[in-house]
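**Student:**
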Amino acid sequence: MKTEFTLGRSVTNDIVIENPMVGRKHLHVLYKSENELIIEDLETNNFTFVNQIRIKKKSVSPYDTILLGTYELNSKFLFTEIIKKVNESRTDFTKEFSDLKKIYEEYEKKVNEIRNKSQVFPLIIRAFVTLSAMAAAFFIFQDPQIRYPVMTGAGVLGGFVSLVLHKDSKLKDRIDILTAELEMVYKCPKCGKSLISRRWKHWAIKKECENCGAKWIN
0 MKTEFTLGRS
10 VTNDIVIENP
20 MVGRKHLHVL
30 YKSENELIIE
40 DLETNNFTFV
50 NQIRIKKKSV
60 SPYDTILLGT
70 YELNSKFLFT
80 EIIKKVNESR
90 TDFTKEFSDL
100 KKIYEEYEKK
110 VNEIRNKSQV
120 FPLIIRAFVT
130 LSAMAAAFFI
140 FQDPQIRYPV
150 MTGAGVLGGF
160 VSLVLHKDSK
170 LKDRIDILTA
180 ELEMVYKCPK
190 CGKSLISRRW
200 KHWAIKKECE
210 NCGAKWIN
């Protein structure tokens with residue numbers, strides 16, 4: 000896995016910045032983690048500054064201000080580009096894939112909670128409507144030939160009310176929102192291929208991405 004890169008004005012660099020304040024080969028960049036890079040000024044004429052302080056070599060985060068001469072290098076852009084290049088030469092994504100398991104399990108948990116609540120509420124309403132109607136029929140209609148058909152109808156009415164409530168479109172909307180949120184992050188950690196069509200266990204059995212060859216499971 001490649002972790003060292005150069006940045007400058009020349010096209011021979013890994014990251015090219017076309018600005019006259021930037022040296023032909025201005026920085027050496029060492030990847031440490033997604034939140035840390037070590038940058039080193041390569042004896043440039045315009046120098047390098049981090050948070051207004053001139054540096055020779057320094058650890059930086061995505062939130063630091065980096066100046067190459069008077070040119071401000073967007074720190075988040077730098078991190079994005081370096082991480083992209085690190086991932087191009089990297090094959091082991093077992094940690095990131097393991098993190099996807101937690102994300103998918105949380106999604107399933109929330110979906111199941113929504114579905115369970117949607118099933119319990121209609122049952123309560125059905126029982127209430129059915130029992131209320133049957134009780135009213137029992138006390139109001141004394142003739143058995145009238146009472147029992149009315150009580151039977153009460154049961155049918157309760158079932159109909161339950162069915163109507165169970166088909167509430169808000170249930171589908173809530174699940175659709177959760178699925179859309181999952182789709183934004185449930186991807187191959189290397190190439191970004193969507194994994195939304197299958198559960199995490201399905202992809203774990205395959206062990207690697209068919210699209211880019213990233214290793215998910217050792």
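Just so you know, numbering that gives the first Met the number 0 puts the end of the sequence shown at 217, numbered straight through with nothing missing.
Glycine is no exception: its CB is placed at the ideal position from the N, C-alpha and C atoms.
1. Beta-carbon within less than 6 angstroms of Lys189's beta-carbon, same chain only, minus the 5 sequence neighbours each way: which residues are those?
2. Select from Glu42, Gly191, Leu36 the residue whose C-alpha is nearest the C-alpha of Lys57.
3. Can you give the Cα-Cα distance for Arg114 and Asn217, rounded to whole angstroms?
4. Would you kindly work out how many angstroms separate the C-alpha atoms of Leu72 and Phe48, rounded to a whole number?
5. Within the continuous alpha helix (DSSP H) that includes Lys200, where are the two ends?
6. Take Ala203 and list the residues in its own chain whose beta-carbon comes closer than 8 angstroms to its own, dropping the five residues that flank it on each side.
7. Roughly how many angstroms lie between the CA atoms of Glu17 and Lys186, to the nearest whole one?
8. Within 10 Å of its beta-carbon, does His201 have 16 or more other beta-carbons around it, so buried, or fewer, so exposed?
9. Which residue wins for smallest C-alpha separation from Leu177, given the options Thr5, Ser74, Glu107?
10. Apart from the five residues just before and just after Ile195, which ones in its own chain have a Cβ nearer than 7 angstroms to its Cβ?
11. Mapping the DSSP letters down to three states, classify Val110 as helix, strand or coil.
12. Which of the three DSSP states, helix, strand or coil, is assigned to Phe48?
**Tutor:** With the given structure in hand:
1. Within the sequence shown, the letter at position 190 stands for residue 189. Here the set comprises Asn86, Phe92, Cys211, Ala213.
2. Working through the sequence shown from its first residue, we reach residue 57 at position 58. Taking only the C-alpha atoms, the option nearest Lys57 is Leu36.
3. Stepping through the sequence shown from its first residue, residue 114 is reached at position 115. Stepping through the sequence shown from its first residue, residue 217 is reached at position 218. In a straight line, the C-alpha of Arg114 is about 35 angstroms away from that of Asn217.
4. Here residue 72 is taken as the residue at index 73 of the sequence shown, counted from 1. Here residue 48 is taken as the residue at index 49 of the sequence shown, counted from 1. Distance between the alpha carbons of Leu72 and Phe48 is about 10 angstroms.
5. To locate residue 200, count along the sequence shown from 1; it is residue 201. That run of the alpha helix (DSSP H) goes 199-205.
6. Counted from its first residue, the sequence shown places residue 203 at position 204. So the list reads Phe96, Lys100, Trp215, Ile216, once near-sequence residues are dropped.
7. What you label residue 17 is simply residue 18 of the sequence shown in a count that begins at 1. What you label residue 186 is simply residue 187 of the sequence shown in a count that begins at 1. For Glu17 and Lys186, the distance between alpha carbons rounds to 33 angstroms.
8. What you label residue 201 is simply residue 202 of the sequence shown in a count that begins at 1. Exposed.
9. The residue you call residue 177 lines up with position 178 of the sequence shown. When each option's Cα is compared against that of Leu177, the closest is Glu107.
10. As a first step, residue 195 must be located in the sequence shown, where it is residue number 196. For Ile195, where only same-chain residues beyond five positions count, the Cβ hits under 7 angstroms are Leu181, Glu182, Tyr185.
11. Translated into positions along the sequence shown, residue 110 becomes position 111. Helix, per DSSP.
12. On the sequence shown, residue 48 is found 49 positions in, with the first residue counted as 1. In this structure, Phe48 counts as strand in the three-state DSSP scheme.
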